[in-house]
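A.B. asks:
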Amino acid sequence: MISHVLSVILTALAACGSMLEATGRSLAATASAPATTSAPADHRAVIRALIDRMNKASPYWPEMFTLRDLIRPEDLPILHEELLHGQAHSRRAAAWLLAHIHSADSVEPLRQALRTDKNVVVRWEAAHTLGYIRALAAEQDLITALKSDPNTHVRLRAADALNMLKTTAALRALREAEATDSDPGVRGALKVLRANVGFKRHQVAALKPGAVTEGYHKGTRYLVYTPRSLPPRTKRRWLVVQHGTWGSPESYVKLASADAEKHQIMVLGMHLDYGQYSWFGTLNLRNGKPRPDLRLFEIIDALSRGVSPDRRLLLFGHSEGGALVATMVLTHPDRVARAAACATATCYDPYSAQPFPLGMGVCPLTPDLGPLDFSRLVQTPLALVSGTNDPVHKTQQQFLAVIQQYAKKHQLESRAVYIPVPDAGHSGSANWGKAREFLFDQAE
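Residue numbers (the numbering used here): 3 to 446.
(1) Under DSSP, the beta strand (DSSP E) around residue 421 begins and ends at which residues?
(2) Classify residue 216 as helix, strand or coil using the three-state DSSP reduction.
(3) Just how far apart, CA to CA, sit residue 362 and residue 382?
(4) In angstroms, rounded to a whole number, what distance separates the CA positions of residue 32 and residue 248?
(5) Which of the three DSSP states is assigned to residue 211 in this structure?
(6) Is it buried or exposed for residue 390, if we count other Cβ within 10 angstroms and need 16 for buried?
(7) Identify, in the order they occur along the chain, each residue of the same chain with its Cβ nearer than 8 Å to the Cβ of residue 254, setting aside the five sequence neighbours on each side.
(8) Would you kindly report the start and end of the unbroken beta strand (DSSP E) that includes residue 236?
(9) Could you check how far apart the C-beta atoms of residue 162 and residue 276 are, in whole angstroms? I think they sit under 8 Å.
(10) Let me check understanding here. Comparing Cα to Cα, which of 298, 186 and 72 lies closest to residue 356?
(11) Short check: CB of residue 157 to CB of residue 127, under 8 Å?
(12) Going by beta carbon distance, what residues of the same chain come within less than 6 Å of residue 498, once the five residues before and after it are set aside?
(13) Under a three-way DSSP split, which group does residue 36 fall into?
(14) Quick one: Cα of residue 372 to Cα of residue 218, how far?
(15) Give me the DSSP bridge partner(s) of residue 340.
(16) Applying the 10 Å Cβ sphere with the 16-neighbour rule, what's the burial state of residue 278?
(17) Starting from the C-beta of residue 167, find all residues in its chain whose C-beta is less than 7 Å away, skip the five residues before and the five after it, and write them out in chain order.
(18) Cutting at 6 Å between CB atoms, please list the residues of its own chain near residue 335, excluding the five before and the five after it.
(19) Can you pull the DSSP bridge partners for residue 388?
(20) So, at 6 Å on beta carbons, what are the nonlocal neighbours of residue 405 in its own chain, with the 5 sequence-adjacent residues on each side left out?
(21) What is the DSSP secondary structure of residue 432, counted as helix, strand or coil?
(22) Three or more C-beta pairs closer than 8 Å, one from the segment 226-240 and one from the segment 194-203: is that the case here?
(23) Just reading off the beta strand (DSSP E) that residue 273 is part of, what are its end residues?
(24) So, for residue 41: in the same chain, excluding its five sequence neighbours on each side, which residues have a beta-carbon less than 7 Å away from its beta-carbon?
(25) Taking only the alpha-carbon atoms, compute the straight-line gap between residue 323 and residue 273 and give it to the nearest angstrom.
(26) Helix, strand or coil, according to DSSP, for residue 414 in the structure here?
(27) Under the rule that 16 or more other beta-carbon atoms within 10 Å means buried, what is residue 437, buried or exposed?
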């Protein structure tokens, strides 16, 4: 498990962060500056301005997403320079952005960053991008990182990348690391990873009453719990429990099993591993990457053959999983019965016309969603749950204020609530008690 401090930092980065109107407006102003092929100097100036702002911002992911939509292959020299010589924020962002351009010219600077950067986040992002762009020339660097990097998460990201390469040497290194890594958590993760070579395994879970079973859908691992006394042909209701960054579904499915029995409800937990699902809280928006929202619906359909599933789901998510829950309420309100977004620094700006996830506008990577309607989120039962000792509780209260102000302005009934967990920190199990009360005891 990652430390509490790192969890909070990653939540603030991977989740939506506090999307204040000032940030949205200033980003929109920068992005609207001339950036055409006929004015390359102006385009470079926009890129440089965003990088400068990113290095001063916290959270800085809005600038990253804006850069993703603006960056061009001719900007590679800027990204390579930032990756090797920039500040911490822009080095991480450059490693992430290079996955979108997908150029062989980026392999060498990414290898250098993986070997020499002192920042853990930069190293794991470089490892991930090398796997994502299938950089066979980096195979030995990734094997070295897997065997000897002092940080467990860099080793796991290197493992993910080697799994994407799928070479004989890569798979042999994964097998050896599973037997020899000093961290039992890494060894367990490698065991799961090696069962899903290339993230291609597909196997529908066999449903067994009173038991947790495992399945794979197009490479996405999941666990499902079936109540003991659930009639075989009854209409199925679903509770989705979503872990946070680098988590796994085991503990949350177990936590929910008692309520599954009491309320005769199926429990599903997707394993959104970093190899496939970096930044899953905002729908994993990279070309060629699976979207967690669509994958969830596909899994439920696959598990509901011969029975009628209830389209409206109960959703629980912790940390980045909580960000995904809030995102699902915004993007698929018709599929949500009640939702609990826990310990997540999520705050959407309902008045920004920028592309999702920066605003309510159409995102090129999610054209099926169209422009988003914040009023649908406002009218969906949503609990924002956090420990009073978790720094993200302030952002959750801010998000609630945004929702309530929007509801008042547009004469809508707000169905969002903030639920504090006294004296608790950034803990999914601590959040579960209050979340389950909202999901079940107050259910309509």
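Beta carbons are placed, not taken as given, at the ideal position from N, Cα and C, and that holds for glycine.
C.D. replies: Reading from the atomic positions:
(1) First-last of the beta strand (DSSP E) with residue 421: 418-423.
(2) Residue 216: strand per DSSP, three-state reduction.
(3) If you take the alpha carbons of residue 362 and residue 382, they lie about 17 Å apart.
(4) Residue placement at residue 32 is flagged as unreliable, the pLDDT there being 39, under the threshold of 50; the coordinate-derived value follows with that caveat. For residue 32 and residue 248, the distance between alpha carbons rounds to 33 Å.
(5) Secondary structure at residue 211: strand, using DSSP grouped into helix, strand and coil.
(6) Exposed: under 16 other Cβ atoms inside 10 Å.
(7) The answer, listed in chain order, is 243, 244, 245, 271, 318, 320, 430 and 434.
(8) No beta strand (DSSP E) contains residue 236, which DSSP labels as neither H nor E.
(9) Confirmed, Cβ separation roughly 6 Å.
(10) From the listed residues 298, 186 and 72, the smallest Cα separation to residue 356 is found for 72.
(11) Residue 157 places its beta carbon 8 Å or farther from that of residue 127.
(12) Absent from the structure is residue 498, since the part of the chain shown begins at 3 and ends at 446.
(13) In this predicted model, residue 36 has a pLDDT of only 36, less than 50, meaning its place in the structure is not dependable; the value taken from the coordinates is given anyway. In the three-state reduction of the DSSP assignment, residue 36 falls in the coil class.
(14) Within the model, the alpha-carbon separation for residue 372 versus residue 218 is close to 29 Å.
(15) In the DSSP output, where bridge partners are listed per residue, residue 340 has 316.
(16) Buried is the call here.
(17) Same-chain partners within the cutoff: 133, 136, 138 and 141.
(18) The answer, listed in chain order, is 378 and 382.
(19) DSSP lists 422 as the bridge partner or partners of residue 388.
(20) Excluding five sequence positions before and after residue 405, the CB atoms of its chain that fall closer than 6 Å to its own CB belong to 380, 416 and 418, given in chain order.
(21) The answer is helix: DSSP assigns residue 432 an H, G or I state.
(22) Taking one beta carbon from each stretch, the segment 226-240 and the segment 194-203 have fewer than 3 pairs nearer than 8 Å; the two do not touch.
(23) First-last of the beta strand (DSSP E) with residue 273: 268-273.
(24) In this prediction, residue 41 scores a pLDDT of 46, lower than 50, which makes its location untrustworthy; the coordinate-derived value is nonetheless stated afterwards. Nothing meets the Cβ criterion.
(25) Rounded to whole angstroms, residue 323 to residue 273 spans 11 Å at the Cα level.
(26) DSSP places residue 414 in coil when its eight states are reduced to three.
(27) Buried, since its Cβ has 16 or more Cβ neighbours within 10 Å.
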